[in-house]
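This report refers to the structure that appears directly beneath it.
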Amino acid sequence: MFDFSLYTAGLPLFGFSTIIGLLGGTLTGIVIGALPGLSAMMAVSILVPLTYGMDPVVAILMLLGVYSGANYAGSISATLVNIPGTPSAVMTTLDAYPMAKKGKAGLAIGLATMSSAIGGFFSVIVLSMLSPVIARFALQFTSLEKLSIAIFGISIMAFISKGSTLKGLVAGVFGLLVATIGFDPNTSILRFSFGSIYLNSGINFTAAMIGLFGMTEIMLTIENRKQKQNRQEIQKVKDTFACFRYFKSVVGNLIRSSVIGVIVGAIPGAGGTIGSIISYAQQKKISKEPEKMGTGAVEGIVAAEAANNACTGGAMTTLLSLGIPGDAVTGILMGAFIIHGLQPGPNLFNTNFDLVSAIFIGMFLINILILVLGLFGAPYFAKLLNFPRHFLNTGIMVLCVVGTFGVQNSMFDVKVMVVFAVIGFIFTKLEIPRAPIVLALILGTMMEENLRRWLSLANGDYLGYFFECSSKTPIAPIVLAITVFTLISPLFKKKPIISEDALEEYEEMNKEHDK
Amino acid sequence: MKKIVLISVVLLMSVSLMFAQGADEKETADSETYPSGDISFIIPNSAGGGNDLTTRALIPGLQRETGVNVVPLNQGESGGAIAAQNVMNAKPDGLTFYFNSQTLILMPYGGMPSIDLTQFQPVAQVVEDTGVIYVKNDSPYQTIEDLMETVKTETLKVGHNGNGKLWHLAAMQLDNAISADFQYVAYTAGGSPMLTALAAGEIDLCIENAAGGRSMVESGLVRPLASLGSNRLEVFDVPTMVETGVDLVFPVWRGVFTKAGVSEDILNQMDEFFGATVESPEFVEYATNNGLPVRYRDHKEFTEFVNKEIGVYEDLMKNL
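Chains A and B, in that order, give the protein sequences. Our numbering numbers the first residue of the first sequence as 1 and each following residue consecutively. Our numbering numbers the first residue of the second sequence as 1 and each following residue consecutively.
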């Protein structure tokens, strides 16, 4: 018999505060996401500290609301001012802005809302069906399997990070190095602490994240302030409900893009941005009118938005079932889980069954909220685009400092945050992506711990023990083989994972924004 | 939000405390007026962990008893080293409490030589927990006797939570007591990954407390074999090691410390406060819900006990 308890056990947790948390989180996410330059990553990282005093369920659901809400709302500024509110909305700008220029801003936002919500729904269904199965399977994972998955995650992250692979690797290796500070996981001997007890347990992850994504972002906007705020004429947003007239014609597109989104989301390191690029490119390939894409085509908006929101469920699937974040935002979410005393991973389905259930239900509700808030509230969110940035920057800076301090009441962490903000700034100037650092910090610890443990378990006979482990489950050798293949494949054939056209378009977009 | 309000309150209070004490130094160690101000309760962990929740369960009762505010301060950075350092730098006025388990005793050996145990005055023990020996559910060892029989001929893999950490020492004591020859495997990320690895068959056994293994036992993944306490556990129906004829008791205690140098009068007053607090409804409810066995020792008993424990661990750490 099919056991429904996983989908109902969380219901009692939905009290007043949980609903308020969900609603508040989603709304905050949409507001932050709608503001150009404030990404989902930043939204989640600066809001994590606000949740410390909350009940874990409320806290996690609120952050999930922020995550999904911000991911969706990037499309609002993408439509209205041609600037993606979050990086993942970059493909949305291609069609949504031209459509808005034709005076159909409401339709564009409506389509984005509908596609986001449906992509989100789809991904929650996949999440709730697949993650328990994967988790049950993953309970059998030993150090070798975990090690190979961590290695895979780190290599793929460098491989698909935007820009040069080499620079992605630089960021990843930097993260790995930082992750080695503190006690050695196997012998408990201190490393790189320079005699300071503040470094005993390494760099605080949340502090580093807030620095890299909160503070750095502020520094970048302050630097760009010469670049006049886009005071351009903002289209009136009306008739958002018109989107449903197109529903029938884009059903296939919606499903296809959602599937792409979920799969890409589940790959460690690949998030909404890559998901929507691939989905958009795919749509262009099979479209009946490819020449119209980029000039305000309905299918373009649908493909980009459904995919980028479907990534949320994919990324959550690996986080919940394997304890591996699917993208940088879920990496930060993982930190939030740990702060609340929860260890994401297969065991979560045993220890916190009702919480997992509440996450499924909550994410479902979040997507309903996105649909409702998006369709009714779009005209109001549009007004946010004229909000003066200097007020916003000040507020976020305060949140960064207070939030970092609040992690463990430590001024040292605030210093760490500032140092990482500077590092993030320098990295951005050198065009080194920041996201691989987050994943390397998390996966690095995981990789080292499992590697060291596995080596100590092997008792010197590494090859023999490797075969012994592999004979039980062939997962490790398979994952390692895929990793090697992805790493050496560019040597044989120069074919990027994302098609050339899409990459070109993406780079053009970037150039336009950098101007 | 709550947290931020809390932080600002704490900040304000600590600032005002600083001024209050600066003005009148003599008053601090006077038993007549104790407690002369708000009490800070340092927790060497971040919010949400076991020590944090236990301390917070003590606070309502303690506030009623002392009549002053008791402010919890979470200082989890650097594995609790900063918190311990702050206790050592505090004034011996009885206004700084600190909550910890034997983790405190292990600190000087675990890469934090600057921590001086003589600076900590034991005030009250509130909990006495113990370790449970777990095996995989379908493990060939059905009873603790099976396990003891096997270790005579085979090297079993035992999981622990890090070199020189609590469960490592428990496993070492077990190793000595049953003359086993364990292979030690570290799971520094904590009890949950260790038990998962046990269920996956990577290790043969591990020791964790009852609360940590309960959900895994209930979901049928692992099985408890014996406990290392002096009495049987309430949650699992398993024998103690002493019952099986092995002279091994491994108490895991948690209690309250203050900066050394507080007068005997004040310590006696503290005994009254904590004696009543461990019986407060808030604390009793918390302990019952979490399966924590309450065990109260006043400052004299606790000091004696802690000193004995320091001796035990000194010997163990030498063999590490």
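Ideal Cβ positions, reconstructed from N, Cα and C, are used throughout, including at glycine.
**OP:** Please report the residue range of the alpha helix (DSSP H) in which A/R136 lies.
**Re:** Here the alpha helix (DSSP H) through A/R136 covers 105-138.
Original post:
Does the separation of the CB atoms of A/L430 and A/P56 fall below 8 Å?
Top reply: Going by beta carbons, A/L430 and A/P56 fall outside the 8 Å limit.
Original post:
Run through DSSP, which three-state label would B/R232 get?
Top reply: Note: B/R232 maps to coil in three-state DSSP.
Original post:
Count the other CB atoms within 10 Å of the CB of B/E218; is the residue buried (16 or more) or exposed (fewer)?
Top reply: Note on B/E218: under 16 other CB atoms within 10 angstroms of its CB, so exposed under the neighbour-count rule.
Subject >> Cβ neighbour criterion (16 or more within 10 Å) applied to B/Y187 >> reply: Residue environment: B/Y187 is assigned as buried (16 or more neighbouring CB atoms within 10 Å of its CB, all protein chains considered).
**OP:** Can you give me the Cβ contacts of B/T277 inside the same chain, cut-off strictly under 7 Å, excluding the 5 residues immediately before and after it?
**Re:** The answer, listed in chain order, is L58, G61, L62, E65, F283.
**OP:** Closer than 6 Å by C-beta to B/N100: which residues in its own chain qualify, once you throw out the five before and the five after it? Chain order, please.
**Re:** Close CB contacts of B/N100 within its chain, under the 6 Å cut and outside five residues either way in sequence, are with P44 (chain order).
Subject >> Best match in B/E272, B/G212, B/E145 for proximity to B/T240 [C-alpha to C-alpha] >> reply: For the residues B/E272, B/G212, B/E145, the minimum Cα distance to B/T240 belongs to B/E145.
Original post:
Counting along the chain, where does the alpha helix (DSSP H) carrying A/N450 start and finish?
Top reply: Start and end: 435-458.
Subject >> Spatially closest choice to B/G191 from A/I222, A/L384, A/Q343, by CA coordinates >> reply: Checked all of A/I222, A/L384, A/Q343; the closest Cα to B/G191 is A/Q343.
**OP:** Using three-state DSSP, classify B/Y98 as helix, strand or coil.
**Re:** B/Y98 falls in the strand class under three-state DSSP.
Subject >> Closest Cα partner of A/A105 within the set A/A297, A/T206, A/T273 >> reply: A check of alpha carbon separations from A/A105 across A/A297, A/T206, A/T273 identifies A/A297 as the nearest.
Subject >> Member of A/G261, A/M334, A/A421 whose CA lies at the smallest distance from the CA of A/S116 >> reply: Distances from the alpha-carbon of A/S116 to those of A/G261, A/M334, A/A421 put A/G261 closest.
**OP:** Select from A/G294, A/I109, A/G175, A/I278 the residue whose C-alpha is nearest the C-alpha of A/F244.
**Re:** Residue nearest to A/F244 within the set A/G294, A/I109, A/G175, A/I278 is A/I109 (criterion: CA-CA distance).
Original post:
What's the call for A/Y380, buried or exposed, on a 16-neighbour Cβ count within 10 Å?
Top reply: By the neighbour-count criterion, in which a residue is buried when 16 or more other Cβ atoms sit within 10 angstroms of its Cβ, A/Y380 is exposed.
Original post:
For the putative contact between B/T244 and B/P122, defined by C-beta atoms under 8 Å, what is the C-beta separation to the nearest angstrom?
Top reply: That pair is no contact at about 32 Å.
Original post:
Would you say the region 405-420 of chain A touches the region 169-177 of chain A, given that touching needs at least three Cβ pairs under 8 Å?
Top reply: By the C-beta criterion, the region 405-420 of chain A is judged not to be in contact with the region 169-177 of chain A, since fewer than 3 inter-stretch pairs fall below 8 Å.
Original post:
Distance, Cα to Cα, B/Q21 vs B/D93?
Top reply: Since pLDDT at B/Q21 reaches only 44, below the 50 mark, its modelled position is unreliable, and the value read off the structure follows with that caveat. When rounded, the distance between both Cα atoms is 10 Å.
**OP:** Report yes if the C-beta distance between B/I39 and B/V70 is below 8 Å; otherwise report no.
**Re:** Yes; because the gap between Cβ atoms is below 8 Å, this pair is in contact.
**OP:** Could you tell me whether any Cβ in chain B is nearer than 8 Å to the Cβ of A/T142?
**Re:** For A/T142, at least one C-beta of chain B is nearer than 8 Å to its own C-beta.
**OP:** Measure from the C-beta of B/V135 to each C-beta in chain A and report whether the shortest distance is under 8 Å.
**Re:** For B/V135, no Cβ of chain A is located within less than 8 Å of the residue's own Cβ.
Original post:
Between A/A378 and the rest of its own chain, which residues show a CB-CB distance below 8 Å, the 5 nearest in sequence each way excluded?
Top reply: Cβ neighbours of A/A378 beyond the five flanking positions: I76, G106, I109, G110, T113, V237, T240.
Subject >> Interface partners of B/G213 on chain A, CB under 7 Å >> reply: Going along chain A, no residue has its Cβ under 7 Å from B/G213, so there is no contact; the nearest lies around 10 Å.
Original post:
Roughly how many whole angstroms lie between the Cα atoms of B/T155 and A/S164?
Top reply: Cα-Cα distance, rounded: 49 Å.
Subject >> Distance, A/R256 Cα to A/A306 Cα >> reply: Rounded to whole angstroms, A/A306 and A/R256 show a C-alpha spacing of 9 Å.
Subject >> Same chain, Cβ closer than 8 Å to B/L53, neighbours up to 5 away in sequence not counted >> reply: Excluding residues within five positions, the ones whose Cβ falls inside 8 Å are Y286, N290.
Original post:
Are any of the Cβ atoms in chain A nearer than 8 Å to that of B/V235?
Top reply: Taking CB atoms only, B/V235 has no neighbour in chain A less than 8 Å away.
Original post:
If you draw a straight line from the alpha carbon of B/E32 to that of B/G261, how long is it in whole angstroms?
Top reply: One C-alpha to the other measures close to 17 Å.
**OP:** State the beta-bridge partners of B/D129 as determined by DSSP.
**Re:** Under DSSP, B/D129 forms a beta bridge with B/V252.
Original post:
Residues in its own chain within less than 7 Å of B/T96 by CB, not counting five upstream and five downstream?
Top reply: Taken in chain order, the residues that qualify are S40, I42, V87, A90, T258, K259.
**OP:** Measure how close the beta-carbons of A/G29 and A/S5 come, nearest whole angstrom, since I'm counting them as under 8 Å.
**Re:** Actually they are not in contact, since the Cβ atoms of A/G29 and A/S5 sit about 29 Å apart, beyond 8 Å.
Original post:
Can you list the residues of chain A that B/Q325 reaches, using a CB-CB cut of under 9 Å?
Top reply: There is simply no residue 325 of chain B to check, as chain B begins at 1 and stops at 320 in what is shown.
**OP:** Determine, using beta carbons only, whether B/G291 comes closer than 8 Å to chain A.
**Re:** No - not a single Cβ of chain A is within 8 Å of the one on B/G291.
Subject >> Per-residue DSSP class, three states only, for A/H340 >> reply: Looking at A/H340 - three-state DSSP - the assignment turns out to be coil, as it is neither helix nor strand.
Subject >> Pick from A/V329, A/Y246, A/N347, A/K146 that is closest to A/L443, judged by C-alpha positions >> reply: Minimum Cα distance to A/L443 is reached at A/K146.
Original post:
Any idea which residues DSSP pairs B/R295 with across the strands?
Top reply: Beta-bridge pairing links B/R295 to no other residue.
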